[in-house]
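Enquirer: Chains as they are written, first to last, in the working numbering: chain A, 215 to 450; chain B, 164 to 643.
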Amino acid sequence: MSELRLRCIDLKKHYERGPQTVRALDGVDLDLRAGEMLALVGSSGSGKSTLLNLAAGLDSPSGGRVEVGGRALGSMSPRELAAYRAERVGMIFQSFNLIGHYSALENVALALAFNGTPRAGRGEIAARQLAALGLDARADHRPADLSGGEQQRVAIARALVTGPDLLFADEPTGNLDQENSEQIAELLATLCVEGRSVLMTTHDLELAERYAHRILHLSYGRIDDERELPKNRRSS
Amino acid sequence: MSFRDLLLIALGNLRRQKLRSLLTISGVIIAIGAFVAMLSFGAGNQRMISDQFDELGLFTTMLVYPASESGDSLSLDEKAVLRLADIRGVRLAYPYDRFKVNVVWGDSAIGVDAQALSAGALETKYYSRLEAGERIGDEAGSVLVSDELLDGLGVADADSFIGQRIAVSVKSASIDSALVRLFSDPDGNLRKRLASLEVDSLLEDGYVERILRRELDAATRRFLDGYLNAQALTVDTLEVRGVIRSHGSRRNRVLPVILPLSTARRFDAAGPSADPTELLPRIMKGEIFTKASSMSKAFPQVTLDLHPYASHSVVADSVEAMGFESFSYASEFEEIRRVMLFFNMGLGLVGLVALVTAALGIANTMVMSILERRREIGILRSLGAQARDIRGLFLVESGAIGALGSMGGILLGWIVARVASGVAKAVMRNQDVEVMELFATPFWLVGIAMAFGVLVAVLAGTYPAGRAARVDPVEALRQE
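See the structure below:
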């Protein structure tokens with residue numbers, strides 16, 4: 215069995231909204247192993263994005279814990295949490311979240327500002343990453359000049375450029391057409407073959423069934439179904 | 164995230180929002196410009212005073228006076244001058260010997276004050292501000308005059324007066340003529356007065372006393388008439404070697420005629436001054452009939468020229484221990500500096516008010532910037548930025564506004580100061596006043612303006628930066 219990368223234990227996130235308590239996550243347990251793609255499916259408001267934000271350390275849980283390499287994120291200092299996101303995590307969003315006034319190259323290079331990469335080498339590393347995703351001709355373009363698929367590939371390049379072993383993708387194909395969605399999903403699957411772990415939320419069950427190794431179904435903050443898909447496991 | 168990364172991102176953001184940045188920076192430029200221009204005026208005045216003190220050697224000058232507290236104070240005579248010169252830290256001690264002379268040049272004659280100075284005193288900075296000619300030593304036959312004398316004689320060109328010969332004369336009281344008149348009977352009516360004595364009345368109360376009073380009054384009038392109006396005249400023809408610029412205060416004024424000590428001694432030896440105001444002290448001292456050469460001459464004040472590193476307080480203590488009072492220009496300069504400090508603070512306050520207004524502009528710009536860049540903040544946090552990086556980013560951005568504004572403001576302030584200085588000089592020339600530099604922008608002022616501008620801008624950015632650091636990254640990333 216491959217190395218355990220991330221573990222969520224009895225993870226809870228409750229919000230107070232006026233007199234009501236919203237249970238966005240209500241006791242979730244999951245493991246994510248090296249080279250594994252785990253798809254979180256469920257209706258809107260089921261807690262998929264909340265789980266991703268907690269796993270990335272952007273949000274703190276109301277109960278339970280997230281462990282990375284045996285250490286709880288809750289025990290980390292702000293500096294350690296920032297370093298965790300800068301060095302071990304790559305995040306991909308449905309709306310790409312690229313900085314509009316930066317070029318594709320600058321967006322990718324920006325991620326290197328937080329992991330200690332010397333400024334002089336950042337451009338070259340970012341250019342290599344863009345080239346690896348077939349975007350070398352688009353390096354100087356701003357996000358507004360790129361198609362949705364290209365923007366998402368720039369976002370993936372930014373997520374990958376620091377060499378993280380955990381990728382958190384929140385509806386990565388949500389704003390893309392079928393062809394681009396297939397390409398992005400294929401790309402994420404390839405990254406798993408290279409040893410990276412992907413935790414992805416999606417509404418597209420068909421896509422999840424084609425590429426994920428496991429599918430977790432979330433409903434009202436709880437996992438109510440889990441499916442293994444061994445046919446999708448490919449050796450590197 | 165390194166400071167350089169923060170700075171480059173901050174400058175990039177300012178560049179992107181050109182108009183808003185320019186308007187905000189303009190506020191800082193105007194505020195710092197006002198601050199620099201105002202303080203340049205204060206600094207210029209302080210420098211002008213300091214330069215004048217330095218030019219005249221006042222930082223190393225101390226004046227000594229007889230103690231004013233006790234009635235029978237020690238007099239500042241030649242012996243006292245020698246003792247003062249022996250004080251540790253004193254380079255030279257010379258008396259302020261002032262007397263009245265009459266100057267005749269061509270058809271012009273004028274009565275002015277003169278002072279006698281030793282060769283050492285003539286070499287001090289205090290007597291170095293020449294308008295024409297050269298400084299003199301103790302050579303006989305030479306004289307230094309001030310532009311005040313030239314004004315009195317109606318001479319416009321100081322250079323043309325160099326080499327001219329002037330007759331300097333001193334009137335001294337003649338004791339002989341006073342005594343002659345005392346015992347003479349110029350009216351010739353002594354006989355008449357004696358004849359008018361009423362022998363029968365001699366035994367009446369008060370008659371003899373009245374007669375004696377009348378005779379004493381008449382004798383005193385005759386003595387004073389002889390003393391004051393039958394004066395001896397001592398004349399010396401001297402060559403003008405230099406024209407000195409008039410300056411000094413009530414305490415230590417450069418007088419119209421400055422004589423070397425050797426020349427002045429000739430006038431001194433002639434006898435006591437016939438100045439009526441000097442007569443009474445002489446009568447009080449019982450020196451009215453004493454020969455001038457045997458009198459112990461007392462000076463109203465003595466000037467001490469100190470070594471540059473001598474402690475003024477130590478010298479002042481020594482002077483006080485000798486029973487005299489002292490006045491130090493350096494101490495007075497400290498007082499002036501204290502006053503100037505308040506003056507500068509008042510001027511700076513005007514600039515500060517403008518700077519506070521500019522700070523509000525910076526805070527407004529930064530708050531607007533946060534509202535527009537919430538998603539960017541969320542992205543940076545997801546990439547590994549800490550809350551303190553976000554705070555740092557906004558502080559650096561406001562600091563950059565302050566730095567750019569300060570640079571522009573310093574330039575603006577300098578230009579305003581130069582223009583104001585030019586106008587002031589033109590007015591001085593028109594008014595025929597000595598042209599002075601009233602504005603100065605020293606490096607310390609540039610440094611303070613720069614530091615102040617950046618500091619106020621960073622303080623103005625503190626609240627927005629704190630707000631930016633508290634932005635919830637999850638909420639920010641959810642924003643479309």
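Where is the CB? At the ideal position from N, CA and C, for every residue including glycine. Source: prediction; values computed, not measured.
Using the beta-carbon of each residue, which ones in chain A are nearer than 8 Å to B/D168?
Expert: Residue mapping note: residue 168 of chain B aligns to position 5 of the second sequence, counting from 1. What B/D168 touches in chain A: A327, R333.
Enquirer: Would you mind working out which of B/V199, B/E483, B/L523, B/L169 sits nearest B/Y228, comparing C-alpha positions?
Expert: Counted from its first residue, the second sequence places residue 228 of chain B at position 65. Answer by Cα proximity: B/E483.
Enquirer: Listing by chain order, which chain B residues have their CB less than 7 Å from the CB of A/L272?
Expert: Here residue 272 of chain A refers to the residue found at position 58 of the first sequence. Here the neighbours are R544, S545, P636, V637.
Enquirer: Along the chain, where does the beta strand (DSSP E) containing A/F382 start, and where does it finish?
Expert: Looking up residue 382 of chain A in the first sequence gives position 168. Its beta strand (DSSP E) spans residues 380-384.
Enquirer: Whole-angstrom Cβ separation of B/G547 and A/F328, contact assumed at under 8 Å?
Expert: Numbered from 1 along the second sequence, position 384 holds the residue referred to as residue 547 of chain B. Numbered from 1 along the first sequence, position 114 holds the residue referred to as residue 328 of chain A. Rounded, the Cβ-Cβ distance is 3 Å, consistent with contact.
Enquirer: Whole angstroms is fine: what's the gap from B/Q278's alpha carbon to B/L401's?
Expert: As a working mapping, residue 278 of chain B is identified with position 115 in the second sequence. As a working mapping, residue 401 of chain B is identified with position 238 in the second sequence. If I take the Cα positions, the gap works out to 14 Å.
Enquirer: Determine which residues share a DSSP beta bridge with B/F462 and list them.
Expert: Numbered from 1 along the second sequence, position 299 holds the residue referred to as residue 462 of chain B. B/L239, per the DSSP bridge assignment.
Enquirer: With a cut-off of 9 Å, does the C-beta of B/M164 fall near any C-beta of chain A?
Expert: Position 1 of the second sequence, counted from the start, is the residue given in the question as residue 164 of chain B. With 9 Å as the cut-off, B/M164 counts as an interface residue toward chain A.
Enquirer: Check whether chain A comes within 9 Å of B/L640, counting only Cβ atoms and requiring the distance to be less than that.
Expert: Residue 640 of chain B sits at position 477 when you count from the first residue of the second sequence. It does; some Cβ of chain A falls within 9 Å.
Enquirer: So with CB distances below 7 Å, who are the chain B contacts of A/L324?
Expert: By one-based count along the first sequence, residue 324 of chain A stands at place 110. Those are L546, listed as they occur along chain B.
Enquirer: Return the first residue and the last residue of the beta strand (DSSP E) that A/D412 is part of.
Expert: What you label residue 412 of chain A is simply residue 198 of the first sequence in a count that begins at 1. Per the sequence presented here, residue 412 of chain A reads as Val, with Asp not at that position. It spans 411-416 - the beta strand (DSSP E) in which A/V412 sits, taken as one unbroken run.
Enquirer: The alpha helix (DSSP H) spanning A/T404 covers which residue range?
Expert: Locating residue 404 of chain A in the first sequence gives position 190, where the first residue counts as 1. Taken as a continuous stretch (DSSP letters only), the alpha helix (DSSP H) holding A/T404 covers 392-407.
Enquirer: Just list the residues that DSSP pairs B/T187 with in beta bridges.
Expert: What you label residue 187 of chain B is simply residue 24 of the second sequence in a count that begins at 1. Paired residue(s): none; B/T187 is not in a bridge.
Enquirer: For B/F487, does the count of other Cβ atoms within 10 angstroms reach 16, so buried, or fall short, so exposed?
Expert: Reading the second sequence from its first residue, position 324 is the one you call residue 487 of chain B. It counts as buried.
Enquirer: How many whole angstroms separate the CB atoms of B/A587 and B/L608, which I take to be in contact at a CB cut-off of 8 Å?
Expert: Residue 587 of chain B sits at position 424 when you count from the first residue of the second sequence. Residue 608 of chain B sits at position 445 when you count from the first residue of the second sequence. Going by Cβ atoms, the distance from B/A587 to B/L608 rounds to 18 Å, so no, they are not a contact pair.
Enquirer: Give a yes or no on whether the C-beta atoms belonging to B/A632 and B/R551 are separated by under 9 Å.
Expert: What you label residue 632 of chain B is simply residue 469 of the second sequence in a count that begins at 1. What you label residue 551 of chain B is simply residue 388 of the second sequence in a count that begins at 1. The answer is yes: Cβ separation under 9 Å.
Enquirer: I'd like to know if B/F550 contacts chain A, where contact means its C-beta is closer than 9 Å to some C-beta of that chain.
Expert: Here the question's residue 550 of chain B lines up with position 387 in the second sequence. A small fix is needed here, since residue 550 of chain B is Ala in this sequence, not Phe. Yes, because at least one Cβ of chain A sits closer than 9 Å to the Cβ of B/A550.
Enquirer: Can you confirm whether B/R179, when its beta carbon is compared against all beta carbons of chain A, has any partner nearer than 9 Å?
Expert: Numbered from its first residue, the second sequence carries residue 179 of chain B at position 16. By this cut-off, B/R179 is an interface position.
Enquirer: What residue from A/R333, A/E396, A/C222, A/E420 has the CA that sits closest to A/R436's CA?
Expert: For this step, residue 436 of chain A is matched to residue 222 along the first sequence. Considering only alpha carbons, the answer is A/C222.
Enquirer: Less than 9 Å separating the beta-carbons of B/L237 and B/Y257?
Expert: As a working note, residue 237 of chain B is residue 74 in the second sequence. As a working note, residue 257 of chain B is residue 94 in the second sequence. No; because the gap between Cβ atoms is not below 9 Å, this pair is not in contact.
Enquirer: Can you tell me which of B/A628, B/E638, B/A580, B/V617 puts its alpha carbon nearest to the alpha carbon of B/A197?
Expert: As a first step, residue 197 of chain B must be located in the second sequence, where it is residue number 34. Comparing Cα-Cα distances from B/A197 to each of B/A628, B/E638, B/A580, B/V617, the minimum goes to B/A580.
Enquirer: Check this for me: beta carbons of A/L218 and A/L246, under 9 Å apart or not?
Expert: For the purposes of this step, residue 218 of chain A is taken as residue 4 along the first sequence, with counting starting at 1. For the purposes of this step, residue 246 of chain A is taken as residue 32 along the first sequence, with counting starting at 1. The answer is yes: Cβ separation under 9 Å.
Enquirer: Taking the straight line between their C-alpha atoms, what separation do you get for B/N593 and B/A243?
Expert: Mapped onto the second sequence, residue 593 of chain B falls at position 430. Mapped onto the second sequence, residue 243 of chain B falls at position 80. Straight-line Cα distance between these residues: approximately 48 Å.
Enquirer: Which residues, in order along the region 521-538 of chain B, keep a beta-carbon less than 8 Å from a beta-carbon of chain A?
Expert: Result list: R538.
Enquirer: Does the separation of the CB atoms of B/T187 and B/I525 fall below 9 Å?
Expert: Locating residue 187 of chain B in the second sequence gives position 24, counting from the first residue. Locating residue 525 of chain B in the second sequence gives position 362, counting from the first residue. Yes, they are a contact pair.
Enquirer: Mapping the DSSP letters down to three states, classify B/A256 as helix, strand or coil.
Expert: The residue given as residue 256 of chain B occupies position 93 in the second sequence. B/A256: strand per DSSP, three-state reduction.
Enquirer: Assign B/P627 to one of two classes, buried (16 or more other C-beta atoms within 10 Å of its C-beta) or exposed (fewer than that).
Expert: The residue given as residue 627 of chain B occupies position 464 in the second sequence. It counts as buried.
Enquirer: Which residue wins for smallest C-alpha separation from B/M570, given the options B/R429, B/M613, B/D399, B/R536?
Expert: Here residue 570 of chain B refers to the residue found at position 407 of the second sequence. Comparing Cα-Cα distances from B/M570 to each of B/R429, B/M613, B/D399, B/R536, the minimum goes to B/M613.
Enquirer: Cβ of B/I421 versus every heavy atom of the ligand ZN: is any distance shorter than 8 Å?
Expert: Looking at this structure, you won't find the ligand ZN or any other ligand, since it has none at all.
Enquirer: Which of the three DSSP states, helix, strand or coil, is assigned to B/L418?
Expert: For the purposes of this step, residue 418 of chain B is taken as residue 255 along the second sequence, with counting starting at 1. If DSSP states are grouped into helix, strand and coil, B/L418 belongs with coil.
Enquirer: Based on the DSSP output, what are the partners of B/N265 in its beta bridges?
Expert: Numbered from 1 along the second sequence, position 102 holds the residue referred to as residue 265 of chain B. Bridge partners of B/N265: B/G274, B/S332.
Enquirer: Can you confirm whether A/R299, when its beta carbon is compared against all beta carbons of chain B, has any partner nearer than 9 Å?
Expert: Taking the first residue of the first sequence as position 1, residue 299 of chain A is located at position 85. Closer than 9 Å: yes.
Enquirer: Under 9 Å Cβ-Cβ, which residues of chain B neighbour A/P292?
Expert: By 1-based counting over the first sequence, the position of residue 292 of chain A is 78. Here the neighbours are Q549, A550, R551.
Enquirer: Identify, in the order they occur along the chain, each residue of the same chain with its Cβ nearer than 8 Å to the Cβ of A/S450, setting aside the five sequence neighbours on each side.
Expert: Numbered from 1 along the first sequence, position 236 holds the residue referred to as residue 450 of chain A. Bear in mind that the predicted position of A/S450 carries a pLDDT of just 45, short of 50, making it too unreliable to give a figure here.
Enquirer: Taking all protein chains shown into account, decide if B/L510 is buried (16 or more other Cβ within 10 angstroms of its Cβ) or exposed.
Expert: In the second sequence, counting from the first residue as 1, residue 510 of chain B sits at position 347. Flag for B/L510 reads buried.
Enquirer: Can you tell me whether B/I578 is buried or exposed, with buried defined as 16 or more other CB within 10 angstroms of its CB?
Expert: Within the second sequence, the letter at position 415 stands for residue 578 of chain B. That one is exposed.
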